[in-house]
DNA sequence: AGGCCGCGTGCTCATGTGAGCAATCTTCGT
DNA sequence: ACGAAGATTGCTCACATGAGCACGCGGCCT
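Below is the structure:
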């Protein structure tokens with residue numbers, strides 16, 4: 001496109017998109033035929049001079065969703081738009097809302113939903129509308145008796161989602177990570193724990209998030225791991241955790257010994273699920289998101305625009 | 001619009017603008033009639049969920065231009081878009097480019113152009129294309145023997161515009177502001193100066209900018225005024241200067257004595273011009289811009305989107 | 001209960017727009 | 001200078017879209 005046409009295409013785009021003139025009228029005003037105007041507008045779009053954004057907290061990016069489905073072998077993907085977002089928290093809320101929306105429109109509605117916990121899932125529970133399902137029981141899939149400043153959020157999340165979905169919550173009464181392997185095995189042998197884990201294994205669908213491998217992790221907050229533990233894990237290649245289990249960029253368990261002390265579904269069990277929804281947002285979680293998607297831990301990914309871009313274009 | 005329609009309108013907008021589906025196809029996909037889709041799209045636009053921006057250094061805002069013409073009684077206005085601008089300097093360049101474009105397409109082409117000087121006008125000269133006119137002489141309209149670190153920019157601006165326009169430049173060989181009123185009168189009485197001023201008064205069109213009343217002013221740089229002088233002027237209500245003459249928010253001369261020592265066209269002479277183009281950009285110059293427009297110093301304003309907004313909505 | 005008003009809906013019809021095509025103009029190479 | 005290849009232009013035609021209208025439903029007042 002030569003310089004004259006470039007300028008003309010800009011003038012045409014202004015008159016078309018800002019002044020709402022018809023191509024005919026634009027032609028008259030710029031002394032060109034209406035066909036030329038149409039072509040100039042096409043060129044303006046092609047050259048990227050025209051940007052159209054959907055500004056809404058529930059706006060999504062269908063293009064990226066399709067690419068994720070096609071190129072990363074997911075059964076479904078939800079990508080929320082970043083347009084108009086002022087801070088990282090707003091983006092997290094958008095993703096949580098989107099995950100809630102996805103869950104509420106899932107067909108068939110799961111009778112039993114396996115659930116992890118964390119900041120993101122607490123937000124999902126909050127955004128979920130009352131009556132999203134008529135009979136969905138919720139079962140925790142990893143340990144989570146929280147020792148942090150806000151105890152019981154893990155339980156609250158599960159209970160809230162179950163209540164709003166007209167079902168009951170089955171809580172896993174166990175810490176996330178135990179100090180001794182033997183204790184972990186003893187706890188899993190406990191009648192109640194074993195029954196919950198059994199239910200967890202037969203859930204129709206799973207909803208979970210992932211944590212970044214950094215010092216702000218809930219596991220550090222909760223006291224299950226020390227900052228030094230995290231550093232050691234990172235040094236061994238950890239990019240983040242799923243269900244409290246730390247994985248490397250290829251989705252492999254980084255520390256088998258630690259993994260053996262972690263209560264809940266194993267990652268391979270999760271990989272066998274028909275419906276496994278991962279809600280992962282934010283710059284800090286790009287690496288885990290890639291590991292989760294790359295190693296088949298989820299069938300459905302709910303994320304934000306920037307993370308999606310990183311998964312697709314590196 | 002209820003919540004359901006709001007969400008639907010967002011989905012429809014995504015499919016329409018991002019996926020390029022027809023309203024018919026969108027209707028099929030969302031289980032609604034194509035007329036409903038059309039209405040949802042209209043609503044989405046009305047509610048401001050759809051933002052369309054023209055991203056180009058030469059993009060303008062015709063809406064604001066029209067409002068400026070209509071509401072501020074200008075014969076013409078050029079408002080450059082702010083979309084995609086990273087820093088203030090880029091915006092200044094856009095305004096300078098727009099002023100150059102305006103000048104080059106002015107009908108009828110001026111035979112004599114009265115010109116002021118400064119950073120903005122130097123940029124305009126730079127952006128002006130060679131051969132913008134076939135016979136336009138340029139005459140300086142205010143004093144400008146510069147004592148700053150970059151001497152001769154005032155002259156260079158005039159000469160460059162004249163050369164590119166196939167004409168000659170008449171320079172005003174005088175300082176901008178003199179220390180004694182008597183000296184100023186003596187200089188204006190000088191044969192050469194008087195002839196240039198005479199030519200200046202009979203120019204077909206004028207192009208000038210305005211300075212903010214702050215310490216970074218060219219007049220401080222050039223040594224014509226001290227920072228203390230500026231403080232004193234500001235205390236008396238000065239918002240900036242035009243042709244070296246400081247005015248208040250109503251466009252009135254702030255200091256008659258200083259004004260009497262300033263060489264060049266008087267502001268009232270400028271106000272009588274048929275074509276007076278002011279190129280004013282940037283946050284710092286909002287107040288002067290308002291004073292210039294409000295007191296009828298220009299017939300044409302070239303400015304940026306934010307300044308235009310301030311002129312219109314306060 | 002009846003009837004009126006206002007809104008949302010699905011439609012007709014006129015207009016706006018993009019795909020595709022033939023004619024024309026440009027730009028090269030020979 | 002001439003002609004071929006490619007780009008550009010103005011066009012036809014089919015499709016997409018918005019304006020305007022009539023209908024029907026629900027809310028509300030008497």
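Chains as they are written, first to last, in the UniProt record's numbering: chain W, 1 to 314; chain F, 1 to 314. Beta carbons: idealized from backbone N, C-alpha and C, even for Gly. Note that the structure is a prediction, hence the values are computed from the model and not measured.
- Message: DSSP three-state label for residue 196 of chain F, please.
- Response: Looking at residue 196 of chain F - three-state DSSP - the assignment turns out to be helix.
- List the residues of chain F that residue 51 of chain W touches, going by C-beta distances under 9 Å, in chain order. Within 9 Å of the CB of residue 51 of chain W, the CB atoms of chain F belong to 51, 52, 53, 54, 55, 83, 84, in sequence order along the chain.
- Message: Since residue 203 of chain F and residue 139 of chain F should fall inside the 8 Å C-beta cutoff, what is the C-beta to C-beta distance between them, to a whole number of angstroms?
- Response: 6 Å between Cβ atoms; contact.
- Message: Do residue 143 of chain W and residue 244 of chain W have their beta-carbon atoms positioned less than 8 Å apart in this structure?
- Response: With contacts defined by Cβ atoms closer than 8 Å, residue 244 of chain W and residue 143 of chain W form a contacting pair.
- If you compare alpha carbons, which of W/116, W/211, W/167 is closest to residue 175 of chain W? Checked all of W/116, W/211, W/167; the closest Cα to residue 175 of chain W is W/116.
- Task: May I have the straight-line CA-CA distance separating residue 120 of chain W from residue 65 of chain F, to the nearest angstrom?
- Result: Computed Cα separation, rounded: 47 Å.
- Message: Taking the alpha-carbon of residue 250 of chain F as reference, which of F/277, F/208, F/267 has the nearest alpha-carbon?
- Response: Residue 250 of chain F has its Cα closest to that of F/267, out of F/277, F/208, F/267.
- Item | Proximal chain F residues relative to residue 326 of chain W, where beta-carbon distance stays under 8 Å | Coverage of chain W is limited to positions 1 through 314, which leaves residue 326 of chain W absent and any answer about it impossible.
- Going by C-alpha distance, which of W/262, W/240, W/295 is nearest residue 283 of chain W? Per the Cα distances, W/240.
- Could you list the residues in the stretch 14 to 25 of chain W with a C-beta less than 9 Å from some C-beta on chain F, going in chain order? Residues passing the 9 Å Cβ filter: 14, 15, 17, 18, 19.
- Query: From the DSSP output, which residues share a beta bridge with residue 212 of chain W?
  - Reply: Bridge partners of residue 212 of chain W: W/240.
- Query: When you compare each of F/302, F/255, F/214, F/294 to residue 208 of chain F by their alpha carbons, which one comes out closest?
  - Reply: The shortest Cα separation from residue 208 of chain F among F/302, F/255, F/214, F/294 belongs to F/302.
- Give the DSSP-derived three-state secondary structure of residue 264 of chain F in the structure shown. Taken through DSSP and simplified to helix, strand or coil, residue 264 of chain F comes out as strand.
- Quick one: using the 10 Å Cβ neighbour count with 16 as the cut-off for buried, is residue 110 of chain W buried or exposed? Counting other Cβ atoms within 10 Å of its Cβ, residue 110 of chain W reaches 16 or more and is therefore classed as buried.
- Is the number of C-beta pairs between the stretch 29 to 39 of chain F and the stretch 95 to 107 of chain W that are closer than 8 Å three or more? Contact between the stretch 29 to 39 of chain F and the stretch 95 to 107 of chain W is absent, because fewer than three Cβ pairs lie under 8 Å.
- Message: Please classify residue 14 of chain W as buried or exposed, where buried requires at least 16 neighbouring CB atoms within 10 angstroms.
- Response: Under this definition residue 14 of chain W is a buried residue.
- Message: In this structure, how does DSSP classify residue 26 of chain F when only helix, strand and coil are distinguished?
- Response: Here residue 26 of chain F carries a helix assignment [DSSP, helix/strand/coil].
- Query: Between residue 260 of chain W and residue 181 of chain W, which are expected to be in contact by the criterion C-beta below 8 Å, what is the C-beta distance as a whole number of angstroms?
  - Reply: That belief holds up - the Cβ atoms of residue 260 of chain W and residue 181 of chain W are roughly 5 Å apart, short of 8 Å.
- Shortest alpha-carbon distance to residue 126 of chain F belongs to which of F/160, F/141, F/133? Measuring from the Cα of residue 126 of chain F, the nearest candidate turns out to be F/160.
- Compute the Euclidean distance between the alpha carbons of residue 141 of chain F and residue 63 of chain F, then round it to the nearest angstrom. For residue 141 of chain F and residue 63 of chain F, the gap between their C-alpha atoms comes out near 33 Å.
- Query: Is residue 291 of chain F closer than 8 Å to residue 247 of chain F when the C-beta atoms are compared?
  - Reply: With contacts defined as CB atoms closer than 8 Å, residue 247 of chain F and residue 291 of chain F qualify as a contacting pair.
- Just tell me which of F/68, F/72, F/57, F/71 has its CA closest to the CA of residue 82 of chain F. Closest option to residue 82 of chain F, judged by alpha-carbon separation, among F/68, F/72, F/57, F/71: F/57.
- Query: Can you list the residues of chain F that residue 28 of chain W reaches, using a CB-CB cut of under 8 Å?
  - Reply: One finds nothing in chain F with a Cβ atom closer than 8 Å to the Cβ of residue 28 of chain W; even the nearest lies about 15 Å away.
- For residue 17 of chain F and residue 54 of chain W, believed in contact at Cβ under 8 Å, the rounded distance: Approximately 7 Å separates the beta-carbon atoms of residue 54 of chain W and residue 17 of chain F; this is inside 8 Å, confirming the contact.
- Message: Relative to the C-alpha of residue 380 of chain F, which candidate in F/1, F/84, F/136, F/26 has its C-alpha closest?
- Response: A query on residue 380 of chain F cannot be resolved here, the shown segment of chain F reaching from 1 to 314 and no further.
- Message: So within the stretch 73 to 101 of chain F, which uninterrupted beta strand (DSSP E) runs reach at least 3 residues, ignoring any that extend past its ends?
- Response: The qualifying runs are 76 to 80.
- Cβ of residue 10 of chain W less than 8 Å from any chain F Cβ? Residue 10 of chain W counts as touching chain F.
- Entirely within the stretch 127 to 179 of chain W and at least 3 residues each: give me those beta strand (DSSP E) ranges in chain order. Within the stretch 127 to 179 of chain W, the complete beta strand (DSSP E) segments of 3 residues or longer fall at 137 to 140, listed in chain order.
- Message: Strictly below 8 Å CB to CB, what residues from chain F border residue 63 of chain W?
- Response: Against chain F, a Cβ distance below 8 Å from residue 63 of chain W picks out 18, 19.
- When the Cα atoms are used, what is the spatial distance from residue 262 of chain F to residue 86 of chain F? Put simply, the backbone Cα of residue 262 of chain F is about 37 Å away from that of residue 86 of chain F.
- Leaving out five residues before and five after residue 315 of chain F in sequence, what residues of the same chain have Cβ atoms less than 6 Å from its Cβ? Nothing in the structure corresponds to residue 315 of chain F, since chain F is present only between 1 and 314.
- Contact set between the stretch 286 to 305 of chain F and chain W, restricted to residues whose Cβ is under 7 Å from the partner: Contact residues of the stretch 286 to 305 of chain F toward chain W are absent (C-beta to C-beta distance below 7 Å).
- Task: Would you check if the distance between the CB atom of residue 128 of chain W and the CB atom of residue 162 of chain W is smaller than 8 Å?
- Result: At a Cβ-Cβ threshold of 8 Å, residue 128 of chain W and residue 162 of chain W do not count as neighbours.
- Does the separation of the CB atoms of residue 168 of chain W and residue 130 of chain W fall below 8 Å? Pairing residue 168 of chain W with residue 130 of chain W gives a Cβ-Cβ distance that is not under 8 Å.
- Item | For residue 51 of chain F: DSSP bridge partner residues | Residue 51 of chain F has W/53 as its beta-bridge partners, per DSSP.
- Task: Mind listing the chain F neighbours of residue 38 of chain W? Cutoff is C-beta to C-beta under 8 Å, in chain order.
- Result: Under the 8 Å cutoff, chain F gives no residues; its nearest Cβ is about 15 Å from residue 38 of chain W.
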